[in-house]
Every structure is written in structure tokens, then in C-alpha cells.
Amino acid sequence: KQEVTQIPAALSVPEGENLVLNCSFTDSAIYNLQWFRQDPGKGLTSLLLIQSSQREQTSGRLNASLDKSSGRSTLYIAASQPGDSATYLCAVRDNTDKLIFGTGTRLQVFP
Amino acid sequence: DAGITQSPRHKVTETGTPVTLRCHQTENHRYMYWYRQDPGHGLRLIHYSYGVKDTDKGEVSDGYSVSRSKTEDFLLTLESATSSQTSVYFCAISVLGGRDTGELFFGEGSRLTVL
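Quick note, the sequences are listed as chains A and B, same order. Residue numbers are given in the numbering used here: position 103 of the first sequence equals residue 103, and the series is strictly consecutive. Residue numbers are given in the numbering used here: position 92 of the second sequence equals residue 203, and the series is strictly consecutive.
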């Protein structure tokens, strides 16, 4: 059974720092991996999608990498801002079209 | 914006009553999902659909049923609500692009409280 783990569970950093959020999964037979952001009381917003054949994806200050063989993905946030404060979730899609989520990293960026 | 609307957004009901949550999409995507989100458990798949009248169970399907009679609507029904079904329910759709990307987009959620 696929299990997805995110470390750390919570992170508090000053504005301007570069951050790395980690996601690990137990079964490397994935179709893709997706990173989401969730603000309190809101739905999930898709940030980046990495296909199983890809190594990384970039969008603005965000960069996500994927190492399927080791079962790991990282989300790199450059020059963090208070507006980046949210919960970040990763999810892997297996070949049965189901998305399995981690429990998230709650990020707070303070001025 | 993937054109997903959930209704109702908030509902309070009593134990034993039936409840139906609706997910509506405007773009005719084939795959639709229902998740619940609870503190300490994250998001867990309840049921999903891969086409009209084609549905399958997720990891926490007990106590829930679904129906999809047309592409744009995916209904989640709690036949007899229990307090353990108090949760935030999210609908999602899978957008398949030219390379079958399978990116998931979520609705805003439906907060259900069962007293």
C-alpha cells in the first residue's frame, strides 16, 4: 500500500529564506506527483505536476524535483514571502488513477 | 480555474439523516473524485468516477455512495449520517492534457457537521 510522508510537519521561517519541503513515498511505481498549496478554510491549489518520466518542474520561485528510485520529491521555495504561508501537500498518483496524499507541511513565513 | 462547483458549501445535519453533496463541473472531464479531509488524516479518497455510471471505491468508502448520471455531476450521498462523517469534503477533477498529464484540480470544499 502506497504511503506518503511529509517532513517537517510544520516550519516557521523569516522572510527571504530559501526553503526545502520534503515528500517521500513507499512505492516507486507512480504515474506522477503533484504539489498543492492549501490556505486555511480553502480548497487545494495545484502548484506543480511532475510526470514519472521527469526530474523536475519549475514555476516562478518554486522548483519541484522527483527521484522515483529513492521515493522522494522536494519542493524548493526561493526567497520566501509572508504570502507563501500555507499548508503544502504532495500527492502521488498510482497506476490505478488514485491520488494518495501526504499530511502536509504547515509553513509560516514571518516578516 | 477548472470550473468546479460544490454544493452546499456548509451543512449542519442530525445523526441518521440522509445527506447529498453535489459536485458540478463545466468542462466535461472524465475523472472525478470525492475526498474527505480530517485533522491528522489528511485527504482520503472516498469514491471516484471514470465516466458516466462508472464509479469505484476509495480507501474510506464505507457509509458513502456515489452516482454519476451525467458527465458534469458527481453526487456523494451519506444514506444515514453519523458523527464520524463530520468533515470537509472536497471534489476534484482530473484534467487530461495532450500527454495524459492527469493534473488534479479541487473545488472549494463542503463543510459537513453531523450532530
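Even for Gly, the Cβ is constructed at its ideal location relative to N, Cα and C. Keep in mind that this is a model prediction, so the values were computed, not measured.
Minimum Cβ-Cβ distance from residue i to chain A less than 8 Å
i	result
B/TYR200	no
B/TYR175	no
B/PHE185	no
B/TYR156	One detail in the question is off: residue 156 of chain B reads as Leu in this sequence, not Tyr. Closer than 8 Å: yes.
B/GLU190	no
B/GLU219	yes
B/GLY114	no
B/LEU215	yes
B/GLY153	yes
B/GLY228	Absent from the model: residue 228 of chain B. The displayed extent of chain B is 112 to 226, so no value can be given.
Short CB-CB distance (under 8 Å) between residue i and chain B
i	result
A/ASN63	no
A/ASN95	no
A/LEU99	yes
A/TYR31	yes
A/GLN108	no
A/GLN34	yes
A/LEU75	no
A/SER46	yes
A/LEU49	yes
A/LYS68	no
A/GLY104	yes
A/ALA71	Inspection of the sequence shows that residue 71 of chain A is occupied by Gly rather than by Ala. Not closer than 8 Å to any Cβ of chain B, the Cβ of A/GLY71 fails to qualify, so no.
A/GLY43	yes
From the options, residue whose alpha carbon lies closest to that of residue i
i	options	result
A/THR52	A/GLY43, A/ARG61 and A/LEU33	Looking at the sequence provided, one finds Ser at residue 52 of chain A rather than Thr. That would be A/LEU33, whose Cα lies nearest to the Cα of A/SER52.
A/ILE100	B/GLN117, B/THR131 and B/TYR146	B/TYR146
A/PRO8	A/GLY16, A/PRO111 and A/THR105	A/THR105
A/GLY43	B/ARG120, B/GLN196, B/ASN139 and B/LEU186	B/ARG120
B/SER172	B/ILE204, B/GLN196, B/TYR161 and B/GLY151	B/GLN196
A/LYS1	A/ASN95, A/ILE50 and A/GLN38	A/ASN95
A/SER59	A/SER28, A/TRP35 and A/LEU89	A/TRP35
B/HIS135	B/VAL206, B/TYR142, B/TYR144 and B/PHE185	B/PHE185
B/TYR144	B/ARG155, B/GLU138 and B/VAL123	B/ARG155
A/PHE110	A/ARG55, A/ARG37, A/GLN54 and A/GLU15	A/GLU15
A/ALA79	A/THR5, A/VAL20, A/GLN6 and A/ALA10	A/VAL20
B/GLU183	B/GLU125, B/HIS140 and B/THR124	B/HIS140
B/GLY213	A/THR45, A/LEU75, A/ASP39 and A/TYR31	A/TYR31
B/VAL163	B/HIS152, B/CYS202, B/SER178 and B/THR116	B/SER178
B/GLU138	B/GLY151, B/SER205 and B/VAL123	B/SER205
B/SER118	B/ARG133, B/LEU226 and B/GLU125	B/ARG133
A/GLN6	B/SER176, B/GLY151 and B/TYR142	B/GLY151
Cβ-Cβ separation, residue j to residue i (assumed contact under 8 Å), whole Å
i	j	result
A/GLY83	A/CYS23	Actually they do not touch by this definition, with Cβ atoms about 22 Å apart.
A/SER73	A/LEU107	That belief does not hold up - the Cβ atoms of A/SER73 and A/LEU107 are roughly 16 Å apart, past 8 Å.
A/ILE77	A/ARG61	6 Å
A/ASP97	B/TYR161	7 Å
A/ALA64	A/LEU48	4 Å
B/SER198	B/LEU223	6 Å
B/ASP165	B/HIS158	Contact doesn't hold; Cβ gap of about 11 Å is too wide.
Between the region 176-191 of chain B and the region 123-137 of chain B, are three or more C-beta pairs nearer than 8 Å? yes
Quick one: complete beta strand (DSSP E) runs, 3+ long, within the region 117-169 of chain B? 121-124, 130-136, 142-149, 153-162 and 165-168
Tell me the start and end of each unbroken beta strand (DSSP E) in the region 8-51 of chain A that is at least 3 residues and wholly inside, in chain order. 10-14, 19-25, 30-38 and 44-51
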